[in-house]
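Going by my numbering, the letters in the first sequence line up with residues 1 to 474, in that order. Below is one structure, written out as structure tokens; the observations come after it.
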Amino acid sequence: MPEKLTKKSENMPRWYTDVIRMAKLADYAPVKGCMVIMPYGFSLWENLKENLDRKIKETGHKNAYFPLLIPESFLRKEAEHVEGFAPEVAWVTQGGHDQLEERLAIRPTSEAMICHMYSKWIRSWRDLPVLINQWANILRWEMVTRLFLRTTEFLWQEGHTAHATYEESEEEVLRMLFMYRDFAEEYLAMPVMVGRKSESERFAGALHTYAIEALMSDGKALQAGTSHNLGQHFAKAFDIKFLDKDEKEKYVWQTSWGVSTRLIGGIVMMHGDDAGLILPPTIAPVQVVIVPIWDDRTKDRVGTAVNELCESLTKLCRVEADLRDEYRPGWKFNEHELRGVPVRIEIGPKDLDKGQVVLVRRDTKEKMFVPRGEVEDKISKVLGDIQRDLYERAVDFRIKHTYKVKSVEEMNEMLERERGIFDSHWCEDAACEAKVKQETKTTIRCIPFDDEQSSGPCLVCKKPGVRAYFARAY
RNA sequence: CGGGCGGUGGCGCAGCUUGGUUUAGCGCACCGGACUGGGGGUCCGGAGGUCGCGGGUUCGAAUCCCGCCCGCCCGACCA
1 MPEKLTKKSE NMPRWYTDVI RMAKLADYAP VKGCMVIMPY GFSLWENLKE
51 NLDRKIKETG HKNAYFPLLI PESFLRKEAE HVEGFAPEVA WVTQGGHDQL
101 EERLAIRPTS EAMICHMYSK WIRSWRDLPV LINQWANILR WEMVTRLFLR
151 TTEFLWQEGH TAHATYEESE EEVLRMLFMY RDFAEEYLAM PVMVGRKSES
201 ERFAGALHTY AIEALMSDGK ALQAGTSHNL GQHFAKAFDI KFLDKDEKEK
251 YVWQTSWGVS TRLIGGIVMM HGDDAGLILP PTIAPVQVVI VPIWDDRTKD
301 RVGTAVNELC ESLTKLCRVE ADLRDEYRPG WKFNEHELRG VPVRIEIGPK
351 DLDKGQVVLV RRDTKEKMFV PRGEVEDKIS KVLGDIQRDL YERAVDFRIK
401 HTYKVKSVEE MNEMLERERG IFDSHWCEDA ACEAKVKQET KTTIRCIPFD
451 DEQSSGPCLV CKKPGVRAYF ARAY
């Protein structure tokens, strides 16, 4: 564990791993690329999950659980899908002492297994739509790994739906995409760009892929969630057919969509500062921490006041009193800042005399003196303010770091001094996309939905193209 | 998977170049005690290490050689 936190402004990659370990979100496991999500990190994940799960259910989906192991033959059914995932699949080849007749893949995603089951379950138009989500762990054999952002095993949620028509499936794909956007913005205070992925970034086996993309504070983009229209590729490969109202047998139209523990990495990078994490109040494991300032003479008075306030606030928020006697107040301040607790309340003898508490915002470090009688009202307001301000600061940052460019040369010029999103146009030819990538190391993060600036000359070949956001990415 | 760097008490490091007076040190953390307590306190005492793992060279290896594992940074592939 590093002793002192590296400054975020000086060395972001180092800061990132330091802060995660020092804040006890996660630790390295003995197997390459694997991590232990520690109680504080897991609590953050649980809060995130609880809110997202509710939104998934509100849109009509039900949770289920499919197995971890997938027979090789299933994975092979959809040609592009196999090829896309081949380099990242881990295999079980032996059970007990015996070699298996057929290798079993540890799921890199569950399309194959779920499609197999859907082919058994779906017979009639009356069985549709099928709207299922699962929370699961996933294994992908990655070359380069980073805590939360890319680990060999990770946790996620994957929705898998089947519909009678393309129109319905497309409606579902977009519904979930915008649900992700709302979730990221409202709960994680994470503004995102929304759009379609280019052909080269499309999910293996999908018709097309949409994504939410967030700009991190080092100017690199992070794909934060994806929503795929699988078309009928998997339905044909797995023989998922239904008898429609017109008495004709048809293949279903499918979607899948997911977000993962990567979101935690995004929250860390997006909001944190030199002092450590800054967690959005909605999902922070601890929203308010109360630190007593006491000595032997004042311990009783202060302790009583702290406990009384803590109990009262429990009804309003996730609050903790830090009564540890072995640490001094200054030490605690630093620790809670490192861990990103949104609000700190200090209570000492001087405050008791004045009938107040000291309240400090983590994001701005603003210190407020609040009469004891007004603390309850103030807390709710301040937590809301922090949530809103984090979001607004991130939006401002994104606006300041979005650059309109008309050519690769112009982009490279900007890249010499700035990182961010390059707002340009692209003719949708893969050759031009590859050229941009080669010369700038940026990729198309997404093609936003139609707007007034949606067409213009391609930044490479100058032929008419669609609007596209480019950035270097995680 | 290439290129670079690293792995020595829990953490961060020194020692390695030039193998042996080093009984493997230092800082922080940890344990006991005292004084303390509004931004990472002070003093006293204490415990803790098969030097990443496995081979090899040697009278002798933390130190030299080979292989492997893990991490970090930079590139090609990906949530």
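We put the CB at the ideal spot given by N, CA and C, even for glycine. It should be emphasised that the depicted structure is a prediction, and the values quoted were computed from it without experimental measurement.
Neighbourhood of residue i by C-beta distance below 8 Å, restricted to the same chain and skipping five residues each side
i: Ile421; result: Met193, Leu215, Ala221, Arg398, His401, Thr402, Tyr403, Arg445, Tyr469, Phe470, Ala471
i: Pro87; result: Trp141
i: Glu376; result: Ser312, Leu313, Leu316
i: Leu69; result: Val92, Leu104, Ala105, Ile106, Arg107
i: Thr543; result: No answer is possible for residue 543: it lies beyond the span of the chain, which begins at 1 and ends at 474.
i: Gly276; result: Leu5, Val19, Met22, Ala23, Glu337, Leu338, Arg339, Gly340
i: Asn307; result: Ala321
i: Leu52; result: Gln157, Phe183, Tyr187, Val259
i: His116; result: Phe74, Phe238
6 Å CB neighbourhood of residue i in its chain, flanking five on each side removed
i: Asn63; result: Asn133
i: Leu207; result: Asn229, Gly231
i: Asp244; result: Trp125, Lys250
i: Gly205; result: Glu78, Glu80, His81, His233
i: Trp135; result: Gln157
Beta-carbon proximity list for residue i, same chain, < 7 Å, skipping 5 on both sides
i: Val395; result: Pro191
i: Leu383; result: Pro281, Gln287, Cys317, Pro342, Val343
i: Asn412; result: Glu439, Thr440
i: Thr165; result: Trp253
i: Arg202; result: His208, Thr209
i: Gln453; result: Arg467
i: Asp389; result: Asp363
i: Met368; result: Leu359
Inter-residue Cα distance where the pair is residue i and residue j
i: Met113; j: Pro67; result: 8 Å
i: Val291; j: Trp257; result: 43 Å
i: Val130; j: Ile122; result: 8 Å
i: Asn47; j: Cys432; result: 42 Å
i: His425; j: Leu309; result: 56 Å
i: Asn334; j: Pro371; result: 25 Å
i: Leu149; j: Glu418; result: 23 Å
i: Ser110; j: Ser119; result: 14 Å
i: Ala235; j: Glu83; result: 18 Å
i: Ala29; j: Gln356; result: 46 Å
i: Ile447; j: Glu213; result: 11 Å
i: Gly60; j: Asp429; result: 38 Å
i: Val302; j: Val358; result: 13 Å
i: Glu326; j: Thr298; result: 16 Å
i: Ser43; j: Asp218; result: 26 Å
i: Cys458; j: Tyr40; result: 47 Å
i: Glu199; j: Cys427; result: 12 Å
i: Tyr180; j: Asp300; result: 48 Å
Residue from the options whose Cα sits closest to the Cα of residue i
i: Leu75; options: Arg103, Asp18, Lys354, Arg175; result: Arg103
i: Tyr474; options: Ala434, Leu147, Tyr210; result: Leu147
i: Lys381; options: Arg361, Arg393, Lys299, Lys365; result: Arg361
i: Ser455; options: Thr261, Ala275, Gly465; result: Gly465
i: Asp385; options: Asp363, Arg21, Val370, Glu247; result: Asp363
i: Phe154; options: Ile138, His160, Glu58; result: Ile138
i: Thr304; options: Asp239, Gly348, Gly96, Lys354; result: Gly348
i: Glu392; options: Leu25, Ala189, Phe369; result: Ala189
i: Gly330; options: Val405, Ile293, Phe242; result: Ile293
i: Ser73; options: Tyr40, Ala237, Ser169; result: Ala237
i: Thr442; options: Phe449, Val405, Asp451, Asp450; result: Val405
i: Met38; options: Ile264, Asp274, Met270, Lys435; result: Ile264
i: Val289; options: Met269, Asp274, Val319; result: Val319
i: Glu185; options: Arg328, Asp246, Ile267, Glu172; result: Ile267
i: Gln223; options: Arg196, Leu415, His160, Val408; result: Arg196
i: Cys461; options: Val436, Phe449, Gln99; result: Val436
For residue i: DSSP bridge partner residues
i: Met35; result: Tyr28
i: Trp495; result: With the chain running from 1 to 474 in the structure shown, residue 495 is simply not present.
i: Tyr403; result: Phe422
i: Arg150; result: Arg146
i: Phe242; result: Lys250
i: Asn412; result: Note: Asn412 sits in no beta bridge, so no partner.
i: Arg344; result: Val289, Val360
i: Lys62; result: Ile132
i: Met193; result: Glu213
i: Leu277; result: DSSP output for Leu277 lists no bridge partner at all.
i: Ala158; result: In the sequence under discussion, the amino acid at residue 158 is Glu, which differs from the Ala named in the question. According to DSSP, Glu158 bridges with Gln134, Gly258.
i: Lys367; result: Val360
i: Gln223; result: Glu213
i: Cys446; result: Tyr469
i: His336; result: According to DSSP, which records beta bridges pairwise, His336 is partnered with nothing at all.
i: His163; result: Trp253
**Report entry** Inside the segment 87-139 only - beta strand (DSSP E) runs reaching at least 3 residues
**Finding:** Within the segment 87-139, the runs of beta strand (DSSP E) at least 3 residues long that lie entirely inside it are, in chain order, 90-95, 98-106, 130-139.
Query raised in the report: Enumerated in chain order, which unbroken segments of the alpha helix (DSSP H) with a length of 4 residues or greater are wholly contained in the segment 284-328?
Result: Under the rule that a run must span 4 or more residues, the alpha helix (DSSP H) segments found entirely inside the segment 284-328 read 299-314.
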